[in-house]
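Taking it in order: structure first as structure tokens, then the write-up.
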Amino acid sequence: MRQCFLVFMILVGHLLMQGAGDAYRLSGKVIDRTGNPVAYATVRITQTNIAVPTDTDGYFELVLQEGTHKGSVSAIGYKASDFEIKLTGNASIDIVLDENSVMLDGVSVYGKSASKQLEEGAFS
Numbered sequence: 248m249r250q251c252f253l254v255f256m257i258l259v260g261h262l263l264m265q266g267a268g269d270a271y272r273l274s275g276k277v278i279d280r281t282g283n284p285v286a287y288a289t290v291r292i293t294q295t296n297i298a299v300p301t302d303t304d305g306y307f308e309l310v311l312q313e314g315t316h317k318g319s320v321s322a323i324g325y326k327a328s329d330f331e332i333k334l335t336g337n338a339s340i341d342i343v344l345d346e347n348s349v350m351l352d353g354v355s356v357y358g359k360s361a362s363k364q365l366e367e368g369a370f371s
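Just remember that the working numbering sits 247 ahead of the position in the sequence shown, which is counted from 1.
Encoded structure:
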């Protein structure tokens, strides 16, 4: 009885794996224009719920089914970048992000000195 159950489970597992298709590893590195790694960027496959962060050296790794995948990479201080890759085996890609500079018009600081606060404060 145990042998029948074991054979049945192996057969079901094999059929499920056949239906799922081949899974491959997509790895790579996210860098900026100067070649420095972008730590903690988010690498996302757009048509799925799959997303991973890069490590402190900018590396990431995903396991995806065979086929064409569209994705995006985003990080604070950088413009988002889109990519497309056709997986027929394990693959590695490098993704370059451009800095997103924001210019401020100016900064104004308002405050009162201790003597001004005392002068305007209420007296008992």
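Glycine included, every Cβ here is placed at the ideal spot set by N, Cα and C.
query                                                                                                                   : result
Cα separation between A369 and V356?                                                                                    : 24 angstroms
In the DSSP assignment, what residue or residues form a beta bridge with S328?                                          : V320
Can you give me the C-alpha to C-alpha distance between L309 and N337, rounded to a whole angstrom?                     : 10 angstroms
Which residue's Cα is closest to the Cα of I342: E366, T281, Y271?                                                      : T281
Do S319 and L344 have their beta-carbon atoms positioned less than 7 angstroms apart in this structure?                 : no
CA-CA distance, M350 and D279?                                                                                          : 20 angstroms
Roughly how many angstroms lie between the CA atoms of R272 and D352, to the nearest whole one?                         : 46 angstroms
Specify the secondary structure class of S360 as computed by DSSP and reduced to three states.                          : coil
Following the continuous beta strand (DSSP E) through V310, name the residue where it begins and the one where it ends. : 306-312
Is the shortest distance between the beta-carbon of F330 and the beta-carbons of chain C less than 7 angstroms?         : Any reference to chain C falls outside this structure, which holds one protein chain only.
Check this for me: beta carbons of T315 and F307, under 7 angstroms apart or not?                                       : no
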